[in-house]
Every structure is written in C-alpha cells, then in structure tokens.
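Numbering (full-length UniProt numbering), first residue to last: 1 to 165.
Note that CB positions come from ideal geometry on N, CA and C, so glycine has one too.
As the structure is a computational prediction, the values presented were derived from the model and not from experiment.
Take a look at the structure:
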C-alpha cells in the first residue's frame with residue numbers, strides 16, 4: 001500500500017463532507033446532468049475503462065504529464081482492438097498491466113478507500129477523437145467539480161512519480 005497516504009483520514013473527510021455539506025457534496029448523484037456525453041471512468045477493481053453509470057460516485061486524478069510521450073492514453077485504435085470479450089455493454093477497454101506510476105498509485109488509493117471509480121484524463125478521454133477530446137476538455141470544470149475527491153499529485157514532475165503522502 002501507499003505508506004504515506006492516510007486512508008482513514010481521507011475516509012473521515014469524505015464522510016464529514018457527505019454529512020455536513022449535504023447539498024454541495026452530493027452532486028455526484030447528478031452525474032448525467034452536467035458531465036459530458038460518453039463520459040468514461042476507470043473501474044479500479046477490474047482495471048477497465050467503462051462507460052460511466054448515470055449516478056457514479058468517482059474520484060479524479062490531477063497530475064503532471066511531463067515531457068514523456070510514451071505514456072499510455074486511450075485512442076480509437078485501443079478501443080477497436082480491445083476485444084474485451086465481455087457481455088457488459090459498459091466495458092470499453094481493459095487497461096494494460098502497468099500504467100504510469102502516479103496512475104497506479106491513484107488506482108491503489110481509490111481501491112483502498114473501498115471505492116470503485118476513478119477519472120484520469122489520459123485514460124478517460126479518447127485522445128485521437130477530436131469530438132470526444134473537445135467535449136471532455138470543455139467539461140473539465142464539471143468533471144473535477146463532480147468528483148467526490150480530486151487526488152492532486154502536486155510536487156510531481158512527470159507521470160512516473162509516485163503519489164506523495
């Protein structure tokens with residue numbers, strides 16, 4: 001697990017927000033109202049990119065991509081070649097076994113919280129689909145605003161850094 005991240009304090013923050021800021025913090029239940037069409041999330045338990053359920057409670061990751069161009073990102077080619085073999089119409093893509101370190105850490109953190117969904121721009125936006133890309137980029141304020149919590153990898157200089165504690 002991530003030794004410098006306190007799961008229990010994070011759980012308490014979320015619980016406090018949900019009980020004391022009811023109207024503001026329960027916006028996640030209105031996911032379909034302000035989030036873009038074809039909104040995708042990572043299911044951290046199955047390591048798959050899915051079409052987001054209409055009332056999904058999700059976390060978001062904000063991090064520095066850095067100058068490296070070899071980071072995995074979702075493309076039409078990946079979606080077409082996915083061949084997931086699943087009967088689930090929501091399943092779009094199985095993730096590679098190893099992703100950028102900061103993304104792996106965020107997946108592990110969300111899973112440790114007992115939650116299911118994570119939004120990461122590199123993975124939840126189809127980068128070579130201009131329509132999808134523009135729609136998602138124009139909705140970034142709504143995406144981060146609807147997240148239960150945004151994990152910010154502030155001191156990182158690239159996607160290869162660990163999440164700090």
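Residue 51 sits in a strand when the DSSP states are folded into three classes. Bridge pairing for residue 117: 43, 58 [DSSP]. Residue nearest to residue 142 within the set 4, 58, 20, 111 is 58 (criterion: CA-CA distance).
Taken through DSSP and simplified to helix, strand or coil, residue 123 comes out as helix. For residue 135, the uninterrupted alpha helix (DSSP H) segment begins and ends at 130-138. By the C-beta criterion, the segment 92-100 is judged not to be in contact with the segment 108-117, since fewer than 3 inter-stretch pairs fall below 8 Å. Take the alpha-carbon of residue 152 and the one of residue 63: they are about 6 Å apart.
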